[in-house]
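*Asks:*
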Amino acid sequence: KAVSKVEGRVVRLADVEPSARARELAGDEDARRLEVILRESRRIVRTRPPLVIAETSHGFVCASAGVDASNAKGPDTVVLLPLDPDASARRLRDRIRELAGVDVGVVVSDSFGRPFRRGTTDVALGVSGLTPLRDLRGQRDAAGYELHATEIAVADEIASAAELAMGKTEGVPAVVVRGVAVAGEGSGADLLMPRERDLFR
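Residues 5 to 205 in the working numbering are what the sequence shown lists, from first letter to last.
Below, the structure written as structure tokens:
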């Protein structure tokens, strides 16, 4: 949420007028929050009011289109996902290089739930200075089996490891992850499943 806050991606619910659709989805919840979710959504995937699973303008499929009241500025505000998480990661990387004289990989992350699994884990929204996927297709494992589908979501794994150190309630906005060989370039969008390969759409 730190990146979103710095970029001004905070909405005061007092400034939001809910639509009829938002009121319908809200049930006993705050319809203004549902209105913000609808505005951040490219497509509604599933609803069980007041829960909304939506596809964001970035292509992420997540609860509430990433709209979150936790760690917001106050009880009447919500925080949105960054408009361009890759640009956010690039700016952070450039500033770190400028201030510290080192080139690092940067991952901008947020917590997502997972279908058919309990609990949340952080995933990469934006990246800079690393290839977010490690493609192992065509390589052979220790038993000699040729890998046909294995792509390691490196940026997501870094995001998840970092979240264990940041925590949810400790107020730690960023951590340094050491011991991971990162190189290349890529985008958070590289981690999205292409529509033609997606079995669930």
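Ideal Cβ placement from N, Cα and C applies to all residues, glycine included.
May I ask you to report which of helix, strand or coil DSSP gives E174?
*Replies:* DSSP places E174 in coil when its eight states are reduced to three.
*Asks:* Going by the beta-carbon positions, is the gap between A24 and L38 smaller than 8 angstroms?
*Replies:* no
*Asks:* Do three or more CB pairs link the stretch 95 to 105 to the stretch 154 to 165 at distances below 8 angstroms?
*Replies:* no
*Asks:* Using only alpha-carbon positions, find the residue among A93, V49, V176 that is nearest to P136.
*Replies:* A93
*Asks:* In chain order, what residues of the same chain lie with their CB nearer than 7 angstroms to the CB of V108, ignoring the 5 residues before and after it?
*Replies:* R97, I100, G133
*Asks:* Thinking L87 and G70 are a contact (beta carbons under 8 angstroms), I'd like their distance in whole angstroms, please.
*Replies:* About 11 angstroms separates the two Cβ atoms, so there is no contact after all.
*Asks:* Could you name each continuous beta strand (DSSP E) segment of 3 residues or more that falls completely within the stretch 89 to 140, going from the start of the chain to the end?
*Replies:* 110 to 118, 121 to 132
*Asks:* Any contact of the stretch 104 to 118 with the stretch 42 to 54, i.e. 3+ C-beta pairs under 8 angstroms?
*Replies:* no
*Asks:* Does the stretch 51 to 65 come into contact with the stretch 27 to 35, if we say contact requires no fewer than three beta-carbon pairs (one atom in each stretch) closer than 8 angstroms?
*Replies:* yes
*Asks:* Starting from A58, follow the beta strand (DSSP E) in both directions and report where the run begins and ends.
*Replies:* 55 to 60
*Asks:* Based on the DSSP output, what are the partners of R13 in its beta bridges?
*Replies:* The partner list for R13 (beta bridge, DSSP) is empty, contrary to what the question assumes.
*Asks:* Within a Cβ cutoff of 7 angstroms, which residues of the same chain sit near T124, ignoring the five residues on either side of it in sequence?
*Replies:* Within the same chain, T124 has close Cβ partners S115, F116, G117.
*Asks:* Considering only residues of the same chain and omitting the five flanking positions on each side of A18, which have a CB-CB separation below 7 angstroms?
*Replies:* D80
*Asks:* Roughly how many angstroms lie between the CA atoms of A178 and E21, to the nearest whole one?
*Replies:* Whole-angstrom Cα-Cα distance: 34 angstroms.
*Asks:* Should G78 go down as buried or exposed, given a rule of 16 or more other Cβ atoms within 10 Å for buried?
*Replies:* exposed
*Asks:* Could you pull the start and end residues of the beta strand (DSSP E) that A185 belongs to?
*Replies:* It is not in any beta strand (DSSP E) - A185 carries neither H nor E in the DSSP assignment.
*Asks:* Give the secondary structure of D194 by DSSP, where H, G and I count as helix, E and B as strand, and everything else as coil.
*Replies:* helix
*Asks:* Where does D72 fall in DSSP's three states?
*Replies:* strand
*Asks:* Where does S45 fall in DSSP's three states?
*Replies:* DSSP places S45 in the strand class (E or B) of the three-state scheme.
*Asks:* Tell me the DSSP bridge mates of A67?
*Replies:* I57
*Asks:* Where does E33 fall in DSSP's three states?
*Replies:* coil
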